[in-house]
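S.K.: A single structure is presented below for examination.
Numbering (this note's numbering), first residue to last: 44 to 351.
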């Protein structure tokens, strides 16, 4: 009986809203797998679940989000990401993006933001140099944490030298990080979320210090070149940055094996944007540019570090 034809006082069976929580049986039916598979996924913690009531329950909203994250789109993509490089600022990479004719615009807002932009489909390529403070390994933990599903890859770009940038010829005689902190010298720093900021936190911790111990400039530097400019113009007396950005300023190397890597969707690795960049990175002019900038080791450029 149609609801508008029902007699007055006749109960009407309205459709019920689906429960926000699924049982093990219901989630198995929903995913069209056996219950045993669900228990195995719970044991491996590969599916969202809750034991708040003493039994296994699966939040429908989180299961849907998890399922969407596992989806592999066709090569053409349902909503292709814009041709943007996001992530960390790197002088050699940004020069190569222009010279290679990659067609990628640059939106360098820090390593962590770049991974978020890549995951959200706001960029096709992200550069990062994020150290795990516990293992002191580069980028793998960050990529796994920020990039859902199993559709991304991490490609090595270069090993870089990071250190203390000072005024030309180091007129203050700065000997290292601890010395600069103890003398309350003004540090130029990068924004929160930048790989260089996380690295600075790790290097300070090795000296028994924290960011709170620093005397810093009022505004953070957007790029390595900006950081060097703050020091060159006297707004800051030192800062952690790339040897490649120091130019004619003073430079004290602190870390010689920082790994700078590129993250992308697996399917985008084969697209012209990326292939033009990687092809150009094998050219003589690229090698000469890296040598001119200084502080780059290109030995393993292009090596796959992580595959989903």
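Idealized CB from N, CA, C, for every residue including glycine.
1. Keeping to the same chain, check which residues put their C-beta closer than 6 Å to that of residue 206; ignore five residues upstream and five downstream.
2. Excluding the five sequence neighbours on either side, which residues of its own chain have a C-beta within less than 7 Å of the C-beta of residue 70, listed in chain order?
3. Please state the DSSP three-state secondary structure of residue 267.
4. Is residue 229 helix, strand or coil by DSSP?
5. Nearest-angstrom Cα distance between residue 130 and residue 257?
6. Between the region 275–292 and the region 132–150, can you find at least three pairs of beta-carbon atoms closer than 8 Å?
7. Would you please state the rounded distance, in angstroms, between the beta carbons of residue 274 and residue 209? I believe it to be under 8 Å.
8. When you compare each of 334, 329, 187 and 213 to residue 279 by their alpha carbons, which one comes out closest?
9. Between the alpha carbons of residue 251 and residue 181, how many angstroms are there, rounded?
10. If you run the structure through DSSP and keep just helix, strand and coil, what is residue 335?
11. What residues match up with residue 205 in a beta bridge as DSSP calls it?
12. With distances taken Cα to Cα, identify the nearest neighbour of residue 254 among 243, 260 and 263.
13. Would you say the region 334–347 touches the region 187–199, given that touching needs at least three Cβ pairs under 8 Å?
14. At 4 residues or longer, what runs of the alpha helix (DSSP H) sit wholly inside the region 166–199?
15. Once the 5 residues before and after residue 159 are set aside, which same chain residues still bring their CB inside 7 Å of it?
16. Just to confirm before moving on: does the CB-CB distance between residue 171 and residue 157 stay below 8 Å?
17. From this set, 93, 203 and 73, which residue's C-alpha is nearest residue 301's C-alpha?
18. Assuming the contact rule is C-beta atoms closer than 8 Å, residue 238 and residue 154 should be a hit. Round their C-beta distance to whole Å, please.
19. Could you give the first and the last residue of the continuous alpha helix (DSSP H) run that contains residue 85?
20. Rounding to the nearest angstrom, what Cα-Cα distance links residue 232 and residue 109 in this structure?
21. For the beta strand (DSSP E) containing residue 150, list its first residue and its last residue.
22. Near residue 149, which residues of its chain fall below 7 Å by C-beta distance, leaving aside the five closest residues on each side in sequence?
23. Quick one: does residue 351 have its CB under 8 Å from some CB of chain C?
24. Are the CB atoms of residue 317 and residue 245 within a distance shorter than 8 Å?
25. How many whole angstroms separate the CB atoms of residue 323 and residue 142, which I take to be in contact at a CB cut-off of 8 Å?
M.R.: The structure says:
1. Once the five neighbours on either side are set aside, the close Cβ partners of residue 206 are 294, 295, 296 and 297.
2. Result list for residue 70: 81, 101 and 106, in chain order.
3. The three-state reading of DSSP puts residue 267 in helix, counting H, G and I together.
4. If DSSP states are grouped into helix, strand and coil, residue 229 belongs with the strands.
5. Rounded to the nearest angstrom, the two C-alpha atoms are 25 Å apart.
6. Cβ pair count under 8 Å is three or more, so yes.
7. The Cβ separation is near 7 Å, so the contact holds.
8. Nearest in C-alpha terms to residue 279, of all of 334, 329, 187 and 213, is 213.
9. Rounded to the nearest angstrom, the gap between the Cα atoms of residue 251 and residue 181 is 22 Å.
10. Looking at residue 335 - three-state DSSP - the assignment turns out to be helix.
11. Answer is 285 and 298, bridged to residue 205.
12. Cα-wise, what sits closest to residue 254 is 243.
13. These segments touch.
14. Complete alpha helix (DSSP H) runs here, min 4: 183–189.
15. Within the same chain, Cβ atoms closer than 7 Å to the Cβ of residue 159 are found at 189, the five residues on either side in sequence being excluded.
16. In this structure, residue 171 places its C-beta atom within 8 Å of the C-beta atom of residue 157.
17. Cα-wise, what sits closest to residue 301 is 203.
18. Indeed, because the Cβ distance is near 4 Å, the residues count as touching under 8 Å.
19. It spans 78–87 - the alpha helix (DSSP H) in which residue 85 sits, taken as one unbroken run.
20. So the alpha carbons of these two residues sit roughly 37 Å apart.
21. Taken as a continuous stretch (DSSP letters only), the beta strand (DSSP E) holding residue 150 covers 148–150.
22. So the list reads 128, 137 and 140, once near-sequence residues are dropped.
23. Any reference to chain C falls outside this structure, which holds one protein chain only.
24. Taking 8 Å as the Cβ cut-off, residue 245 and residue 317 do not qualify as a contacting pair.
25. Indeed, because the Cβ distance is near 6 Å, the residues count as touching under 8 Å.
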